[in-house]
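See below for the structure under consideration.
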Amino acid sequence: MAADTTKPLFPAAPHTSLLPSHGNANRLSPEAAYWRNFRSSTLDTGSTAFSVTHLAFSPAHARPTLAAAWSSAVHLFAGDPLSPRPKTTVCKDGAAFSPSFRCDGALLAAGDGRGVVRVFRVDKPTAGPLRTLSAHAAQTRVVRYPEAGGDKVHLLTAGDDALLAYWDVPSETPVFTVPAAHRDYIRAGAPSPVDHNLFATGSYDQSVKLWDARTGKAPALSLSHGASVESVLFLPSGGLLATAGGTTVKIWDVIGGGRLVHSVESHVKTIFALALGKMGATGETRLLSAGSDGYVKCFDYGELKMTHSMRYPKELLSVACSPCGTVLVAGSSKGDIFVRRRKKNATEEVEEEVVSSEFAWTMPKPEKQALKPSYYRYFLRGQNEKAKQGDFVISRPKKAKFAEHDKLLRKFRHKDALVSALAKNNPRSVVAVMEELVARRKLVRCIGNLDVAELGLLLDFLHRNATLPRYARLLLGVANKVLEMRAEDIISEDGGKLKGCIRNLKRMVVEEIKIQHTLQEIQGMISPMLALSASRLK
909 MAADTTKPLF PAAPHTSLLP SHGNANRLSP EAAYWRNFRS STLDTGSTAF
959 SVTHLAFSPA HARPTLAAAW SSAVHLFAGD PLSPRPKTTV CKDGAAFSPS
1009 FRCDGALLAA GDGRGVVRVF RVDKPTAGPL RTLSAHAAQT RVVRYPEAGG
1059 DKVHLLTAGD DALLAYWDVP SETPVFTVPA AHRDYIRAGA PSPVDHNLFA
1109 TGSYDQSVKL WDARTGKAPA LSLSHGASVE SVLFLPSGGL LATAGGTTVK
1159 IWDVIGGGRL VHSVESHVKT IFALALGKMG ATGETRLLSA GSDGYVKCFD
1209 YGELKMTHSM RYPKELLSVA CSPCGTVLVA GSSKGDIFVR RRKKNATEEV
1259 EEEVVSSEFA WTMPKPEKQA LKPSYYRYFL RGQNEKAKQG DFVISRPKKA
1309 KFAEHDKLLR KFRHKDALVS ALAKNNPRSV VAVMEELVAR RKLVRCIGNL
1359 DVAELGLLLD FLHRNATLPR YARLLLGVAN KVLEMRAEDI ISEDGGKLKG
1409 CIRNLKRMVV EEIKIQHTLQ EIQGMISPML ALSASRLK
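Here it is in structure tokens:
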């Protein structure tokens, strides 16, 4: 019966699960795409003999204004893109540390290697210091102006002498000082973004302390980071404090009495700097950390997850992001300042105006796409998770490592395997390879294919090991076979190296024969004694 051609061959519609997926498994997340839009460049500092220890942006200027502590001066850069301005010399025969802008951006303070803090005008960086504050006996690594409340007269300083000072800048006198604020170097400090009287300090004694300028010399709160503290930073709400030390960044709830909220271990080497980075038109901020492993990590402290990583060619000591969020800079230990710049388009500028208006609103986050078995990322989920306390960990079996001669034997390259074992000069490996070649009936052919240099290796090995009791039976047989097959090559060889090996081998065999004769004589003397003692025992 003929088939009816008027009806379709497959009348049923295909199931949706059988249709090809149009999703892109490698599609970047919105945040990764945002950070990848930054274009990289490098600022010229003139030399690579000094490290860029600190970076700071002015909070008040419309265009990005950057201060970089490098060598004995603070280098200023301004504009978009950043261009150099006249530098401010802090100390002629020492290093400059920790530049800090006042809240209005008019003044800049920085410390030096002798413990002196100087205050300069930003619009006249070469005019000399307006104020000089002297109280420290060692390097002043922490200089911070208050951020909140419009406080323009006070300044916080701390240094390697473990002294903490809170200054009245116009009169050049300290409001109060704490001689032993910590038990070791103080290398980190941060003012609160909500109260100009609060600030935090971190030290190499692994502690972080919260201070209140109204109460005086006793810390209001003390925390233990667990490693030498390199940087501290208040998050925008003022209730959370981030601390960096070792390879860990920890977030603390200072309002809740110093409760540990989260711990981040995303770096493999020491973390030296923390900063806040603004996410474009959305107004969201991210916690940035820079370490000596050459990475800058972006952490979403709202979702408590790592969102992006940026790789740099050198180890980093400092990081900063402009208040507008368009410029990200990182300073290296070799004197380089790496700049990543993002140009805003017209749409983002209009959205920023809406955000900053009276009826400000925040763009909602895009919905997270659900993972499906048809996506590549579906099979990668959970691989970066670390085992928690109480989890049962199944260890992956270690992959067996094969020696070079084993790999060559697997490829049936018999002569190369023998030469590789001889080059390693391990008697057990060489004898094992020879026994394997005997089992494969390839040892004679390998001996015949050896060149002069490889034959010298074999003869030298036989000279050193042929009389060892463990290997004598096999190696003496191999020596006889070499002399039988390669006698003409040994006689005709120029230089006499092979002949020297044969002489050494002959001398070694003669000595071994003498030893065997001596042992037989001793055995002949001992055997009657043993027989006599055995008969008496019976």
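Heads up: the sequence shown is residues 909 to 1446, going by my numbering. Cβ coordinates follow ideal geometry from the N, Cα and C atoms, glycine included.
| query | Is it true that the CB of Ser1240 sits closer than 8 angstroms to the CB of Val982? | reply | Within the sequence shown, the letter at position 74 stands for residue 982. Within the sequence shown, the letter at position 332 stands for residue 1240. It is not a contact, given that the beta carbons lie outside the stated cut-off.
| Got a sec, what are the start and stop residues for the alpha helix (DSSP H) Asp1397 sits in? | What you label residue 1397 is simply residue 489 of the sequence shown in a count that begins at 1. DSSP places Asp1397 in the uninterrupted alpha helix (DSSP H) bounded by Ala1395 to Ser1400.
| Secondary structure at Gly1385, three-state DSSP: helix, strand or coil? | For this step, residue 1385 is matched to residue 477 along the sequence shown. The DSSP-derived three-state label of Gly1385 is helix.
| Where does the unbroken alpha helix (DSSP H) through Cys999 begin, and where does it stop? | As a working note, residue 999 is residue 91 in the sequence shown. Element bounds for Cys999: n/a, residue is neither H nor E.
| Contact set for Phe1180: own chain, Cβ-Cβ below 8 angstroms, skip 5 residues either direction | The residue given as residue 1180 occupies position 272 in the sequence shown. Same-chain partners within the cutoff: Glu1138, Ser1139, Ala1152, Ala1198, Gly1199, Ser1200, Leu1224, Leu1225 and Ser1226.
| Under a Cβ-count criterion, where at least 16 other Cβ atoms within 10 Å of its own Cβ denotes burial, should Gln1431 be classed as buried or exposed? | Indexing the sequence shown from 1 puts residue 1431 at position 523. Answer is exposed; the Cβ neighbour count stays below 16.
| Considering only residues of the same chain and omitting the five flanking positions on each side of Pro1436, which have a CB-CB separation below 8 angstroms? | Looking up residue 1436 in the sequence shown gives position 528. Excluding positions up to five away in sequence, the list is empty.
| If you drop the 5 nearest sequence neighbours on each side, which residues of the same chain put their C-beta closer than 8 angstroms to that of Leu1406? | As a position in the sequence shown, residue 1406 is number 498, starting the count at 1. The residues are Val1360, Leu1363, Gly1364, Leu1367, Asp1397 and Ile1398.
| request: Tell me whether Phe965 is buried or exposed, calling it buried when 16 or more other Cβ atoms sit within 10 Å of its Cβ. | output: One-based indexing of the sequence shown puts residue 965 at position 57. Phe965 should be labelled buried.
| Burial state of Glu1392 (16 or more Cβ within 10 Å) | Counting from one through the sequence shown, the residue named residue 1392 turns up at place 484. When all chains shown are included, Glu1392 counts as exposed.
| Counted within 10 angstroms of its Cβ, other Cβ atoms place His1425 as buried (16 or more) or exposed | To locate residue 1425, count along the sequence shown from 1; it is residue 517. Classification for His1425: exposed.
| What span of residues does the beta strand (DSSP E) with Gly1019 cover, start to end? | Sequence index remark: in the sequence shown, residue 1019 carries index 111 (1-based). Element bounds for Gly1019: Leu1015 to Asp1020.
| task | Please name the residue, chosen from Gly1147, Leu1196 and Gly1146, that lies closest to Val1157 on a Cα-to-Cα basis. | result | Residue numbering aside, residue 1157 sits at position 249 when the sequence shown is read from its first letter. Distance check between Val1157 and each of Gly1147, Leu1196 and Gly1146 places Leu1196 closest, using alpha-carbon atoms only.
| query | Which of helix, strand or coil does DSSP assign to Ile1434? | reply | Within the sequence shown, the letter at position 526 stands for residue 1434. Residue state, collapsed to three classes: helix.
| Nearest-angstrom Cα separation, counted from Ala1073 out to Ala1088 | In the sequence shown, residue 1088 corresponds to position 180, counting from 1. In the sequence shown, residue 1073 corresponds to position 165, counting from 1. Put simply, the backbone Cα of Ala1088 is about 11 angstroms away from that of Ala1073.
| With 16 other Cβ atoms within 10 Å as the buried cut-off, status of Leu926 | The residue you call residue 926 lines up with position 18 of the sequence shown. Any reading at Leu926 is ruled out, since the residue's pLDDT is 48, under 50, leaving its predicted position unreliable.
| message | Once DSSP output is grouped into helix, strand and coil, what is the label at Ile1163? | response | Translated into positions along the sequence shown, residue 1163 becomes position 255. If DSSP states are grouped into helix, strand and coil, Ile1163 belongs with coil.
| query | Between the region 987–997 and the region 1059–1069, are three or more C-beta pairs nearer than 8 angstroms? | reply | The region 987–997 vs the region 1059–1069: no contact.
| query | Are three or more beta carbon pairs between the region 971–989 and the region 936–944 nearer than 8 angstroms? | reply | Counting Cβ pairs under 8 angstroms, fewer than three are found: no touch.
| query | So what's Glu1362 in DSSP terms, helix, strand or just coil? | reply | As a position in the sequence shown, residue 1362 is number 454, starting the count at 1. DSSP places Glu1362 in helix when its eight states are reduced to three.
| query | Three-state secondary structure (DSSP) at Ala1088? | reply | On the sequence shown, residue 1088 is found 180 positions in, with the first residue counted as 1. Under the three-state reduction of DSSP output, Ala1088 falls in the coil class, being neither helix nor strand.
| Residues that His1170 bridges to, as DSSP identifies them | Your numbering for residue 1170 matches position 262 in the sequence shown. DSSP lists Ile1159 as partners of His1170.
| Given His1090 as reference, the closest of Thr1190, Ser1136, Lys1186 and Pro1377 once Cα atoms are compared | As a first step, residue 1090 is located in the sequence shown; it is residue number 182 there, counting from the start. Ranking Thr1190, Ser1136, Lys1186 and Pro1377 by Cα distance to His1090 puts Ser1136 first.
| field | First through last residue of the alpha helix (DSSP H) which encompasses Cys1354 | value | If you number the sequence shown from 1, residue 1354 lands on position 446. It spans Leu1351 to Asn1357 - the alpha helix (DSSP H) in which Cys1354 sits, taken as one unbroken run.
| request: Give the straight-line distance between the Cα atoms of Glu1260 and Arg1022, rounded to the nearest whole angstrom. | output: In the sequence shown, the residue the question calls residue 1260 occupies position 352. In the sequence shown, the residue the question calls residue 1022 occupies position 114. The pLDDT assigned to Glu1260 is 48, lower than 50, so where the model puts this residue is not dependable; a value taken from the coordinates is nonetheless given after this. Going by the C-alpha atoms only, they are around 44 angstroms apart.
| field | Short Cβ contact (8 angstroms threshold) for His1313 with Ser1282 | value | Walking along the sequence shown from the start, residue 1313 turns up at place 405. Walking along the sequence shown from the start, residue 1282 turns up at place 374. In this structure, His1313 lies away from Ser1282, with their beta-carbon atoms at least 8 angstroms apart.
| message | Using 8 angstroms as the threshold, is the C-beta distance between Thr1065 and Gly1013 below it? | response | Your numbering for residue 1065 matches position 157 in the sequence shown. Your numbering for residue 1013 matches position 105 in the sequence shown. Against a cut-off of 8 angstroms, the Cβ pair of Gly1013 and Thr1065 comes out as no contact.
| said: Between the alpha carbons of Gly931 and Pro1305, how many angstroms are there, rounded? | reply: Within the sequence shown, the letter at position 23 stands for residue 931. Within the sequence shown, the letter at position 397 stands for residue 1305. Unreliable positioning characterises Gly931 in this predicted model, as indicated by a pLDDT of 49, which lies under 50. A coordinate reading is not provided.
| query | Cα separation between Val1204 and Ala1150? | reply | For this step, residue 1204 is matched to residue 296 along the sequence shown. For this step, residue 1150 is matched to residue 242 along the sequence shown. So the two alpha carbons sit approximately 16 angstroms from each other.
| task | Using the DSSP secondary-structure output, state which residues sit across from Pro992 in a beta bridge. | result | What you label residue 992 is simply residue 84 of the sequence shown in a count that begins at 1. Looking at the DSSP output, Pro992 bridges to Phe985.
| Who pairs with Val1204 in a beta bridge, going by DSSP? | Counting from one through the sequence shown, the residue named residue 1204 turns up at place 296. Under DSSP, Val1204 shares a beta bridge with Ala1198 and Met1218.
| request: Sort out for me which residues DSSP pairs His1062 with in a bridge. | output: Position 154 of the sequence shown, counting from 1, holds the residue named residue 1062. When DSSP reads this structure, His1062 sits in a beta bridge with Asp1076.
| request: Since I believe Phe1142 is in contact with Val1172 (beta carbons under 8 angstroms), could you give me their beta-carbon distance rounded to a whole number of angstroms? | output: Position 264 of the sequence shown, counted from the start, is the residue given in the question as residue 1172. Position 234 of the sequence shown, counted from the start, is the residue given in the question as residue 1142. Not confirmed; about 17 angstroms, so no contact.
| field | Status (buried if at least 16 other CB within 10 Å, exposed otherwise) for Gln1114 | value | In the sequence shown, the residue the question calls residue 1114 occupies position 206. A residue is called buried when at least 16 other Cβ atoms come within 10 angstroms of its Cβ; Gln1114 meets this threshold and is buried.
| Assigned secondary structure, Lys1186 (DSSP; H/G/I helix, E/B strand, else coil) | Within the sequence shown, residue 1186 is the residue found at index 278, counting from 1. In this structure, Lys1186 counts as strand in the three-state DSSP scheme.
| Can you list, in chain order, the stretches of the beta strand (DSSP E) that have 3 or more residues and sit fully within the region 1273–1346? | Segments of the beta strand (DSSP E) lying fully in the region 1273–1346: there are none.
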